[in-house]
Amino acid sequence: LCSRNIYSSLQRAARKPRREPNPEAHGQRTADGLSEALNNHQVTIATRSNYVYTLPKPFYIMISALRYLFWLMAVTSFYMMYISLFNNGFFDLLSQQLATRMAPGEPPVALLSEYTGLKALDSILENTIIFFWPISQGHHAGLSLLGLGFAGGMVGIWMIVVVHICRTFSFIRGMAITLIVGIAQQAVGPGVVIPCFFAVASKARPVCESPHPTGAGPTPTDGLVASMIMSYILPLATMSLTAPSMIAPDVKQQLIAAWQGWPVYFVVLLIVHHYTMGSTHPRGASARRQLRSVYRFGFLCSYICHMAWLSAFVASKIQSFAQSHDLYYLRPYGVTFPLFNQPAEGLGALEAGLFTFLQWDYGIAAVATMVWSTDRYIQDCHRAGLEISKSQLIRRLLGWMLIDGPSATAVRLAWESEDISYLQDRGVGMRALNSSKIHMDIDILTATVAKYSHSFAAENGSILFAISLVILFTWFIIPNPVKRSNVSVPTVTLFNPYLPEFLSRVWFNSTAPTVIYKGYRQYKDRAFRLLKPDGDIIVLSNKYVEELRQLPLTTLNALEAVFEDHVGKYTTILNDSHLHTEVIQKRLTPAISRLVPRIIDELDHGFQVEMPDCEHEWVPIKPYELFLRLVARSGARVFVGPEICRSEKWLAASIDFTKNIFMTIALLRPIPSFLHPIVGSILPSSRSLDTQLRYVQDELLGPEIARRRQKEASGDPDYQKPDDFLQWMMDLAQNDHEGDPRNIAHRLLGLTSMAVVHTSAMSITHGLYDLITMPQWLEPLRQEIQEVLPDWKSTTYANLVALRHLDSFLKESQRFNPPGELSFHRVVKKDLVLSDGLRLPKGTHICMASGPIGMDTTYVSNPDTFDAFRYVDGDKAQSQFVHTGATSMHFGLGRYACPGRFFATFVLKAILSRFLVDYEFGFGSDQVGRPKNMLLGDKIVPNTSTDVYVRRRPGSRTA
2 LCSRNIYSSL QRAARKPRRE PNPEAHGQRT ADGLSEALNN HQVTIATRSN
52 YVYTLPKPFY IMISALRYLF WLMAVTSFYM MYISLFNNGF FDLLSQQLAT
102 RMAPGEPPVA LLSEYTGLKA LDSILENTII FFWPISQGHH AGLSLLGLGF
152 AGGMVGIWMI VVVHICRTFS FIRGMAITLI VGIAQQAVGP GVVIPCFFAV
202 ASKARPVCES PHPTGAGPTP TDGLVASMIM SYILPLATMS LTAPSMIAPD
252 VKQQLIAAWQ GWPVYFVVLL IVHHYTMGST HPRGASARRQ LRSVYRFGFL
302 CSYICHMAWL SAFVASKIQS FAQSHDLYYL RPYGVTFPLF NQPAEGLGAL
352 EAGLFTFLQW DYGIAAVATM VWSTDRYIQD CHRAGLEISK SQLIRRLLGW
402 MLIDGPSATA VRLAWESEDI SYLQDRGVGM RALNSSKIHM DIDILTATVA
452 KYSHSFAAEN GSILFAISLV ILFTWFIIPN PVKRSNVSVP TVTLFNPYLP
502 EFLSRVWFNS TAPTVIYKGY RQYKDRAFRL LKPDGDIIVL SNKYVEELRQ
552 LPLTTLNALE AVFEDHVGKY TTILNDSHLH TEVIQKRLTP AISRLVPRII
602 DELDHGFQVE MPDCEHEWVP IKPYELFLRL VARSGARVFV GPEICRSEKW
652 LAASIDFTKN IFMTIALLRP IPSFLHPIVG SILPSSRSLD TQLRYVQDEL
702 LGPEIARRRQ KEASGDPDYQ KPDDFLQWMM DLAQNDHEGD PRNIAHRLLG
752 LTSMAVVHTS AMSITHGLYD LITMPQWLEP LRQEIQEVLP DWKSTTYANL
802 VALRHLDSFL KESQRFNPPG ELSFHRVVKK DLVLSDGLRL PKGTHICMAS
852 GPIGMDTTYV SNPDTFDAFR YVDGDKAQSQ FVHTGATSMH FGLGRYACPG
902 RFFATFVLKA ILSRFLVDYE FGFGSDQVGR PKNMLLGDKI VPNTSTDVYV
952 RRRPGSRTA
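Mapped onto my numbering, the consecutive letters of the sequence shown carry residue numbers 2 to 960.
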């Protein structure tokens, strides 16, 4: 009924003659005069003194309809943000979490701070904790970017609101209204307040007024940008000086509460500006430029923050699409953000609640502002006598919303309204269109509007094209933008060798296994070159093994090669000491036999805590995540002792540290090395690594080291040194640098994350996938485990060594799914000439193709057949999972082979010996065959998103 009434009103209005303004009241402008004024930006913003313009009735009907729409938006926002979340228990959970974190004696939680990846902004966030989200699960970059987009978008929305207030009311009244709206917006939320404001504003006065030319009338707008910037910076700077880097939860809440008062700062600054600069308020063209600067500032803030969020969203969707469609070549270019890739019910309650809250709060405020600006834009076009194509307007709005975001789109419309408003300010109306001069005026106006309203996507396209040219020029033309090798060996690529080499570098990370196998088949007994994005790498034949394995660090440096291969500068990997290697070789490996009972005890606790209740039904699990936590728990018992090993903060730190390392590697490897300093400094994963490392150094291991040294120095005869890896590092440190608590904490966290947690969890996950797809090997393994380990909780070192079939199965699974296709990484430290005359200049990165060697018929019979017990009857030493040699280099080779592989192997066997016997497992009906591995260059990672369904076996031994 309402639609029919509006349609009838529009039809009647179309037949009714319109009341036109009198152009002679202001005098006639010539086309030359208007053109000159426009080109010189001298269009004065003045009142329409002798000029009365009446909007057609349909516009007033539309305004009334919009007013009710604004009220509906406010009610909807209030319901979704408050009533719905309250009914879902979100606020109770939030209060409980905050109360828990403020409990006396609870250590500060630094891992809960959210970061944007922008170094300068992160510095402010660290000091003031503005983007603090009380999330128990840890980091969520998606939520941080959403919060950043929300804050940036509000700048544009607030600018439009304040400009309208300043152009409508006197100074004192305008400041009072600004203060009330600002405080209400911070207290209740813009999703409720902004639609209410527009509803009241549209009822009180339609948008058809122009500002007064002097400061005596409505408030001048020349101080808005400076006041807006200072109102944000001033409270942040004040709090940064008084409480730098404070991370206690109660302090965070106080800082947030202080920053919430920025509307007060804003009004105070405007008042100061008004009374100190009152005599210098700009007029005419200067006032117009000031107003445009306001819109530019609002647009810039909204657009940048929207692009930050949109980039993360698109990257996450690329990753999700690549995984679901097995598009392995897209995976290195995507980023997985759980917030975007999971439904709300799959997130934690706090994350889902905050996501819903921010989504409705900012979304409704931005849409309401865009509707308001669109309405004003249509009215201004109508007054100026410009016809509007509805389809064109809709297309432009949709394009702007996608590229710029709703808030920036609203600012753009307000911006364009200023460009078309000068005709109505001159009193030029439709009746004057018979004059050819006025036709020229409208042509000038149309050109001006087109100048400022062309698609922003075109501007972005030009900018992106220019940036791409610069990067390609730097990469392809400038000598040595990446680390090239001068070794005289053939180069292997997937493309025609006459094509530019940067194509091969760009695609290496998504095609590495194919390129490596191609090179091995062509040059099995020779060396060949691979073109990586960050430099060249020389792949040698394994015939050089005996010649190279015993060379000293001064000739071949393994630590520097690992540092380079794992982008150590941005993943916090240390290569300046052998302390951790010495501790493993001298203390850890010899002590494994007495450490096995501790590992079993901690794993028993871990299975009880981590495994879901699956006594009577099938329950889905993420195997990689499960095994990651089990390995982290068992390793922590040995590495940091019983006091810390069960701390959720330590587990979260060690696990997230691992994920962020590989995320950083995955994001930096596809780009050339000369761009690493730029990209590496803004990656959220790299910034998170720094945060987690500081937390472990300052809050977990640092205080523990100080406590132990204090007790040791006290001379207490009853004090016994803990028997764990942390204490061994303290004892074997040979100088102040190695013994520094921060250095020890750094090495221990890196060792735990990289050498123990991640690699072990990958091996178990690969093995589980192999058993599900080849179930014929499962029962023989179960039979061996039950015979060797009749009581799992009483497992000993000798029992685990006796699991020969399980050991062989792990070795065969690793042959098919190696951690990487390349191994034996070394950096040549001085010019080296091999026995056959091959010259390796200083700085050359060399390696060997361990993956193809393991699938070579020369070394393995029937290599394409998975034989789980291939190594059971062979030489006992050479057939072990931990054995390294010229044909088995997945753990490295020589004196710098992985020293922790012995400990990791016992952890693998302990976990699998319980899991295989106590549980049934299988894929869901939607999974056909083995999940395809994920590629990170030459690194191979099991699919971490696959669900495996588990159920406890009847009569399991540990039930």
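Backbone N, C-alpha and C fix where the C-beta goes; we use that ideal spot for every residue, glycine too.
Inter-residue Cα distance where the pair is residue i and residue j
i	j	result
residue 792	residue 532	53 Å
residue 595	residue 798	8 Å
residue 514	residue 158	50 Å
residue 552	residue 827	11 Å
residue 859	residue 930	29 Å
residue 447	residue 382	With a pLDDT of only 38 at residue 447, under 50, the local geometry of the prediction cannot be trusted, and the value read off the model is given with reservation. Cα to Cα, residue 447 sits roughly 11 Å from residue 382.
residue 742	residue 542	42 Å
residue 74	residue 185	16 Å
residue 505	residue 757	33 Å
residue 511	residue 573	25 Å
residue 217	residue 164	Low confidence applies here, because residue 217 scores a pLDDT of 37, under 50, leaving its location unreliable; read the following figure in that light. Distance between the alpha carbons of residue 217 and residue 164: 16 Å.
residue 732	residue 749	14 Å
residue 599	residue 808	21 Å
residue 307	residue 153	8 Å
residue 521	residue 528	9 Å
residue 117	residue 713	With a pLDDT of 41 at residue 117, under the threshold of 50, the predicted position of this residue should be treated as unreliable, though the coordinate-derived value follows. So the two alpha carbons sit approximately 42 Å from each other.
residue 335	residue 937	Annotation note: pLDDT 35 at residue 335 (below 50); position unreliable, coordinate value reported separately. Those two C-alpha atoms are separated by around 12 Å.
residue 840	residue 900	30 Å
residue 112	residue 702	At residue 112 the pLDDT is 31, less than 50, meaning the model places this residue with poor confidence and gives no usable figure here.
residue 1	residue 519	Only positions 2 to 960 of the chain appear in this structure, which leaves residue 1 out of reach.
residue 402	residue 301	14 Å
residue 417	residue 926	55 Å
residue 545	residue 829	14 Å
residue 554	residue 705	34 Å
residue 270	residue 176	11 Å
residue 947	residue 624	8 Å
residue 129	residue 654	In this predicted model, residue 129 has a pLDDT of only 41, less than 50, meaning its place in the structure is not dependable enough to derive any value.
According to DSSP, residues forming a beta bridge with residue i
i	result
residue 558	828
residue 961	A question about residue 961 goes unanswered here, because the residues of the chain that appear run from 2 up to 960.
residue 921	952
residue 492	530
residue 405	Bridge partners of residue 405: none, in fact.
residue 886	889
residue 940	821, 937
residue 995	Summary: the structure shown does not reach residue 995, with the chain confined to residues 2 through 960, and so no result is reported for it.
Proximity test, residue i beta-carbon vs the ligand ADP heavy atom, cut-off 8 Å
i	result
residue 826	This structure lacks the ligand ADP, and indeed carries no ligand of any kind.
Per-residue burial, residue i [other beta carbons within 10 Å of its own, 16 or more giving buried]
i	result
residue 427	Below a pLDDT of 50, predicted positions are generally treated as unreliable, and residue 427, at 43, falls in that range; no measurement from the model is reported.
residue 759	buried
residue 736	exposed
residue 801	buried
residue 812	buried
residue 679	exposed
residue 940	buried
residue 684	buried
residue 863	exposed
residue 399	exposed
residue 496	exposed
residue 834	exposed
residue 538	buried
Short CB-CB distance (under 9 Å) between residue i and chain B
i	result
residue 75	Note that chain B does not occur in the displayed structure, where there is just one protein chain.
Checklist entry - Given 8 Å as the limit, is there contact between the region 654 to 673 and the region 694 to 714, that is, 3 or more CB pairs closer than that? => result yes
Next on the checklist: Counting beta carbon pairs with one atom in the region 627 to 642 and one in the region 906 to 917, are three or more of them shorter than 8 Å?
Outcome noted: yes
Checklist entry - Between the region 844 to 861 and the region 877 to 897, are three or more C-beta pairs nearer than 8 Å? => result yes
Next on the checklist: If we require 3 or more residues per run, which beta strand (DSSP E) segments fall completely within the region 609 to 633?
Outcome noted: 620 to 622
Next on the checklist: Closer than 8 Å is the cut-off here; do at least three beta carbon pairs connect the region 932 to 949 with the region 816 to 833?
Outcome noted: yes
Next on the checklist: Check whether the region 901 to 913 and the region 555 to 575 are in contact - that is, three or more C-beta pairs closer than 8 Å.
Outcome noted: The count of Cβ pairs closer than 8 Å, one atom from the region 901 to 913 and one from the region 555 to 575, stays below three, leaving the stretches out of contact.
Next on the checklist: Would you call the region 722 to 731 in contact with the region 634 to 651, where contact means no fewer than 3 C-beta pairs closer than 8 Å?
Outcome noted: Segments in contact, yes.
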